[in-house]
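Residue numbers (our numbering): 765 to 1040. From the three backbone atoms N, C-alpha and C, an ideal C-beta is built for every residue, glycine too. Remember, predicted model here, so these are calculated numbers, not experimental data. Step one of this worksheet: look at the structure below.
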């Protein structure tokens, strides 16, 4: 166990066992998939018509927004050309489904049905339709483990979308809460502020939503404010996630299970584990 923890000597064995156990994991999740399929088969005609109308209206709104985004993208390209800056290539994404959730109450880890055969890499950003979910920590041929941003060992550089204030968001171990422990009492942050990825460290691409501030407490005798944020992603209900390829997979990996449990590096920042 010590040799595997320090030198990763059993990685090949774990990968082999994951291939053998993949059919078992698939069969374990099969009843849930069958029950969902059966439930969808009995949806009423009126409900389907209502959903279709809502999707039609939403599609029209998204098309209108897309026209604006295309114009902004074209303007951005022109400005970058004026500044003699390279144009950022659009993100490549892959949809993956959750097949299992870590049962350990002290770990926020999920298992997805994509792995090495799909080109995933350690440290790869994982998102859902709303915001950042986490990053890949273990990869097997057909599955991968994703450490959620709310895990107590995870830290993520963020900034306040309103004013650009940068800080670190630490996981609390609760499925929908993050903590911002390094903000002084006079920091310009308030309830309702949106936190987005800052892009510092090169792990997560900048500008993706992370959480919204729900509590700010300032005590005169303490140097730092107590700030709690609620994740924008629905981590307790997510079923599909997006694997993002905006970054170079050859970069040094930041979070791995071989990292010392006392100190965890995330997105290029050294952060002491939150033990509260």
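Item	Value
CA nearest to the CA of residue 934, picked from 809, 947, 889, 859	947
Proximal residues to residue 995 (C-beta, below 6 Å), its chain only, five neighbours per side dropped	940, 975
Short Cβ contact (8 Å threshold) for residue 922 with residue 962	yes
Inter-stretch contact at 8 Å, needing at least 3 Cβ pairs: the region 788-805 / the region 862-878	yes
Nearest-angstrom Cα separation, counted from residue 893 out to residue 931	24 Å
Close beta carbons around residue 768, own chain, < 7 Å, minus the five adjacent residues each side	774
Cut-off 7 Å between Cβ atoms - residues of its own chain near residue 980, not counting five sequence neighbours on either side	953, 954, 955, 989, 991
Span separating the alpha-carbon of residue 772 from that of residue 826	47 Å
Nearest-angstrom Cβ-Cβ length linking residue 911 and residue 873, presumed shorter than 8 Å	6 Å
Contacting residues, own chain, Cβ-Cβ under 7 Å from residue 982 (five flanking each side not counted)	949, 989
Rounded Cβ spacing between residue 884 and residue 900 (contact assumed at less than 8 Å)	6 Å
Three-state class that DSSP yields for residue 978 in the structure shown	strand
Inter-residue spacing [alpha-carbon to alpha-carbon] between residue 786 and residue 878	11 Å
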